[in-house]
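Under the numbering used here, the letters of the sequence shown match residues 281 to 670, in that order.
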Amino acid sequence: MNQTERQQYLTTEFFKRFGQLPTLFSRAPGRVDLMGSHTDYNHGYVMTMAIDRDAWIAARPRTDRQISIASLNMDGSSTFLLDDITHDNAVPWTNYVRGVADVLQIAGHNLSGFDGLIHSTIPFGSGLSSSAALEVATATLFKLFNNLGIDSVGLALLCQRAENQFVGVNCGILDQYSSALGQTGRALLLDCRNLTTETVALPKNFQVVICDTRAKRALVRSEYGKRRAQCEEGVRRLAKFYPGVTALRDVSPAQFDEHEADLPETVAKRCRFIIQENQRVLDLANALSNNDLSALKSLTADSYLGARDLYQIGCPEMEAMMKAMNSAPSTIGARQAGAGFGGSMVSLIDTYSLKPFTRHVQKEYTAATGIEPKVYPVNSVAGAGPVVPV
Ligand code: ADP
Ligand code: MG
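Below you can see the structure in the form of structure tokens.
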């Protein structure tokens, strides 16, 4: 479906549900991390890219304070009043929309109602951040309808707050930031403490390819919480030796070497991974700028090994996918993406080799696991905004 077809499809479906035509479409992209697993909540660095898979909301403002929201991707719909925002346990996906409305109002913004219909091309729960895209598309709609004076960083922070406090998922800032501030043709080297970015151009002959293991990600929520707690414990213990340390971001590799033995074994492994992964993000930026292919290969390989052996967020399907990606002749680099425990992985390949790469990965991965993976190219795009008519 091209943009015009998608707009027509949404317009037709909107009319069926609401009996009127939408007046505005907001869009917000998903994202993929090229380096930097679990570094965001440790106030570190991530190399991230907003991708050409996105959430759209077709909408029409209302003169009252009612929000009616439906999705072409999920069953159920929900209607609520801005004066009485509660959780919807019957249609839980609507809590992402409710949460954004709630945090915007708590932050003092005046909102009015709308009828909205969502359509997303981001697979759910595969590590490409469909939830943040939905939040950021919702916030963008409120911003456009109500002329809110919020910049993109402020918008990302409010959406993160909606996911943390209203939905109840303790995510870092990476997903919402990438969705709000992505740039066409560039990856973002995001500093998750200062909320600033340097942009890094991707070499012209590079193609980023998502390799979705389609493995069930049952562990991700509970294990994510445990990893966060282990990192926090590491910070508490290391701060005794290095006053002023408030996040793993503050600990240099040399400082860590000094006191690794003072940490419980598992905590030490988690901290070592984060401290090394932070450095790898900075090294990747240099490798991309210098077109240093051997550094790209080793940095992505080390990232995966650390994720598997130190942070322990791997699974057999991810191992099989790594083998499939790395045994393709055109692979420049390959690693995990998102939070791990299955879901999507990411490759950098030579643009001209997309077809043979895809065939190779599909064949090898299916032979090893019996699962048919989803393998598709993604390109970097601009962050959220109105859908501009073509
Ligand atoms: P991820 O963000 O990695 O895709 P999450 O579990 O954080 O995975 O978010 C997925 C959830 O977000 C879905 O189960 C659903 O509740 C909600 N969601 C995302 N996109 C949509 C959509 N287009 N329509 C309805 N709900 C959506
Ligand atoms: Mg999410």
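Quick reminder that beta carbons are idealized off the backbone N, C-alpha and C, glycines included. None of the values given here were measured: they were computed from a predicted structure.
Asked                                                                                                                                                                                : Found
Roughly how many angstroms separate the alpha carbons of residue 451 and residue 413, rounded to a whole number?                                                                     : 14 Å
Would residue 411 and residue 376 be called neighbours here (beta carbons separated by less than 7 Å)?                                                                               : yes
Could you spell out the range, first to last residue, of the beta strand (DSSP E) harbouring residue 325?                                                                            : 325 to 341
Could you round the C-beta distance between residue 345 and residue 328 to whole angstroms and report it? I think they count as a contact, below 8 Å.                                : Contact flag wrong, Cβ pair sits at about 36 Å.
On the three-state DSSP scale, how would you describe residue 637?                                                                                                                   : helix
Looking only at its chain, what residues have a beta carbon closer than 7 Å to the beta carbon of residue 293, apart from the 5 residues adjacent to it on each side?                : 352 and 397
Which stretch, first to last residue, makes up the beta strand (DSSP E) that contains residue 625?                                                                                   : 624 to 630
Cα-Cα, which of 505, 440 and 622 is closest to residue 494?                                                                                                                          : 622
Considering residue 537, what are the terminal residues of the beta strand (DSSP E) in which it resides?                                                                             : Element bounds for residue 537: not the beta strand (DSSP E) but the alpha helix (DSSP H), 533 to 539.
Taking the Cβ atom as the reference point for each residue, do residue 510 and residue 550 lie within a distance shorter than 7 Å?                                                   : yes
Could you name each continuous beta strand (DSSP E) segment of 3 residues or more that falls completely within the stretch 424 to 503, going from the start of the chain to the end? : 466 to 471, 476 to 481 and 486 to 492
Near the ligand ADP, which residues have their beta-carbon less than 5 Å from any of its heavy atoms, given in chain order?                                                          : 351, 353, 354, 373, 398, 400, 404, 405, 409, 410, 411 and 414
From the DSSP secondary-structure annotation, give me the bridge partner or partners of residue 394.                                                                                 : 341 and 347
Kindly identify the DSSP beta-bridge partner or partners of residue 307.                                                                                                             : 336 and 665
Tell me the residue span of the beta strand (DSSP E) that contains residue 371.                                                                                                      : That residue, residue 371, is in no beta strand (DSSP E); it is neither H nor E in DSSP.
Is it the case that the Cβ atoms of residue 313 and residue 617 are separated by a distance below 7 Å?                                                                               : yes
Nearest-angstrom Cα distance between residue 465 and residue 483?                                                                                                                    : 9 Å
Tell me residue 615's beta-bridge partners as DSSP assigns them.                                                                                                                     : 626
Do residue 492 and the ligand COA come close, with the Cβ less than 6 Å from some heavy atom?                                                                                        : Inclusion of the ligand COA in the displayed structure is not the case, the ligand content consisting of the ligand ADP and the ligand MG alone.
Bridge partners for residue 361 per DSSP, in chain order?                                                                                                                            : 346 and 364
Just verifying my parser: in three-state terms, what is the DSSP assignment at residue 598?                                                                                          : helix
Tell me where the beta strand (DSSP E) around residue 561 begins and ends.                                                                                                           : Taken as a continuous stretch (DSSP letters only), residue 561 belongs to no beta strand (DSSP E), being part of the alpha helix (DSSP H) at 545 to 569.
Is the beta carbon of residue 610 closer than 7 Å to that of residue 637?                                                                                                            : yes
Look up residue 312 in the DSSP assignment and give the residues it is bridged to.                                                                                                   : 329
Within 10 Å of its beta-carbon, does residue 505 have 16 or more other beta-carbons around it, so buried, or fewer, so exposed?                                                      : exposed
Got a sec, what are the start and stop residues for the beta strand (DSSP E) residue 289 sits in?                                                                                    : Note, residue 289: premise wrong, no beta strand (DSSP E); alpha helix (DSSP H) at 283 to 298.
Which one or two residues does DSSP pair with residue 656 in a beta bridge?                                                                                                          : 490
I'd like the list of long-range same chain contacts for residue 489, defined as Cβ closer than 6 Å, with 5 residues on each side in sequence excluded.                               : 627, 629 and 657
Give the DSSP-derived three-state secondary structure of residue 610 in the structure shown.                                                                                         : coil
At the level of alpha carbons, what is the spacing between residue 359 and residue 455?                                                                                              : 27 Å
Under 8 Å: do the stretch 421 to 432 and the stretch 467 to 476 share three or more Cβ pairs, one atom per stretch?                                                                  : no
Which residues in the same chain have their Cβ closer than 7 Å to the Cβ of residue 508, if we skip the five residues on either side of it in sequence?                              : 321 and 450
Going by DSSP in three states, residue 406 sits in which element: helix, strand or coil?                                                                                             : coil
Does the separation of the CB atoms of residue 605 and residue 439 fall below 7 Å?                                                                                                   : no
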